[in-house]
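Per our numbering, residue 11 is the first one in the sequence shown, and the count goes up by one each step.
Every residue gets a Cβ at the ideal spot worked out from N, C-alpha and C, and that includes glycine.
Beneath this line is the structure, given in structure tokens, with notes to follow.
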Amino acid sequence: MIDFSEEVISLVQKRENLHPDDPAIQLIWNELVNLLKQDEESTILFLEQCDKKYLYWISEIFEELSAEFQSRAFIDCLLQLQKKYPDLDMEQDIEYAIQSIEE
Numbered sequence: 011m012i013d014f015s016e017e018v019i020s021l022v023q024k025r026e027n028l029h030p031d032d033p034a035i036q037l038i039w040n041e042l043v044n045l046l047k048q049d050e051e052s053t054i055l056f057l058e059q060c061d062k063k064y065l066y067w068i069s070e071i072f073e074e075l076s077a078e079f080q081s082r083a084f085i086d087c088l089l090q091l092q093k094k095y096p097d098l099d100m101e102q103d104i105e106y107a108i109q110s111i112e113e
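Set out below in structure tokens:
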């Protein structure tokens with residue numbers, strides 16, 4: 011059986027290989043959100059241990075995950091990741107994630 015991390019990495023790799031205009035991106039985002047939203051604790055743990063490349067791609071769905079979790083713990087995790095990888099351009103994704111809780 012494929013474990014959680016392997017499944018996330020597999021989806022991210024599929025996303026990475028798509029052309030920026032490919033409509034299949036939305037399908038992969040949906041799959042990622044559906045997988046990651048199942049268990050906030052596991053998702054946070056995964057993100058904390060995630061390498062920079064995968065984190066960059068997953069940041070595309072931070073807003074959707076935040077809307078699902080409605081959790082300060084998730085936002086705190088994102089803010090810590092931003093400090094850990096200041097060169098990753100995640101600020102806007104994190105801002106949208108914070109706004110999705112406030113709405």
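With a cutoff of 8 Å on beta-carbon distance, A77 and S52 are scored as not near each other.
Cβ contact annotation for D103 (same chain, cutoff 6 Å, sequence separation greater than five): S69, F72, in chain order.
Per DSSP, reduced to three states, the secondary structure at Y95 is coil, with no helix or strand assignment. For F79, the CB contacts under 6 Å within the same chain, skipping 5 residues up- and downstream, are E50 in chain order. In summary, R25 is buried, with 16 or more beta-carbon neighbours lying within 10 Å of its beta-carbon over all protein chains present. The shortest CA-to-CA distance from V43 to any of Y106, I85, S81, E74 is the one to E74. In the three-state scheme derived from DSSP, where H, G and I count as helix and E and B as strand, S81 is classed as coil.
Annotation for L21: I38, E41, L42, L45 place their beta carbon closer than 8 Å to its own, counting only its chain and skipping 5 residues before and after.
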